[in-house]
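Novice: Add 70 to the 1-based position in the sequence shown for this note's numbering, that's all there is to it.
Cβ coordinates follow ideal geometry from the N, Cα and C atoms, glycine included.
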Amino acid sequence: MTEPEWQERLRASGHRLTKQRAMILEAVENLGHATPDQVHAEVRRTSPSVNLSTIYRSLEVLNELGLVRHAHLSDRAPTYHSATGEEHAHLICRDCGRQTSVSRKELAAALGGLVDGKGFQPDYGHLTIFGWCQTGCHEQVEQPSA
Ligand SMILES: [Zn+2]
Ligand SMILES: [Zn+2]
Ligand SMILES: [Zn+2]
71 MTEPEWQERL RASGHRLTKQ RAMILEAVEN LGHATPDQVH AEVRRTSPSV
121 NLSTIYRSLE VLNELGLVRH AHLSDRAPTY HSATGEEHAH LICRDCGRQT
171 SVSRKELAAA LGGLVDGKGF QPDYGHLTIF GWCQTGCHEQ VEQPSA
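1. Quick one: what's got a C-beta closer than 8 Å to residue 79's C-beta in the same chain, skipping five residues either side?
2. In whole angstroms, give me the CA-to-CA distance for residue 127 and residue 110.
3. Please tell me whether, using a cut-off of 6 Å, the distance from the CB of residue 196 to the nearest non-hydrogen atom of ligand 5 is below it.
4. If you compare alpha carbons, which of 123, 202, 186 is closest to residue 160?
5. State yes or no: is the C-beta of residue 144 nearer than 6 Å to some heavy atom of ligand 3?
6. Can you check which of these residues, 185, 114, 197, is closest to residue 172 by C-alpha distance?
Here it is, written out as structure tokens:
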């Protein structure tokens, strides 16, 4: 998404594009996947005075506007990611914490029956499936690339 585009979206929704919100959006885009704490650490490198509650509120506003998405990858705060990347869900191993991204297409193939069977459209990007690696669980813990 180009800068004028999201500035326009913010304005249209009655939210002002503060310099802080722009920085927070940029931090999420740079980090890929980030909790509010991680976004805070990133933003503070250039703006030491920004506090964590501002980060939480701003992320919620950006989320409402569709400029970022979030998923729940742990019992703690949500993890935010850029809305510009491909929509995907996450598989999380309860033993080693490994995260695997699953594309919307793969999910639709696995869960598409819900649409016909239950008349229900899953919110794929918000979906996290907890479970266990079947192989090589403790050999590698990698961050997903998307
Ligand atoms: Zn949520
Ligand atoms: Zn594992
Ligand atoms: Zn992700």
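Specialist: In short:
1. Here the set comprises 135, 136, 137.
2. It is roughly 12 Å from the alpha-carbon of residue 127 to the alpha-carbon of residue 110.
3. No copy of ligand 5 occurs in the structure displayed; its ligands are ligand 1, ligand 2 and ligand 3 alone.
4. 202
5. No, Cβ of residue 144 sits at least 6 Å from all heavy atoms of ligand 3.
6. Closest by alpha carbon: 197.
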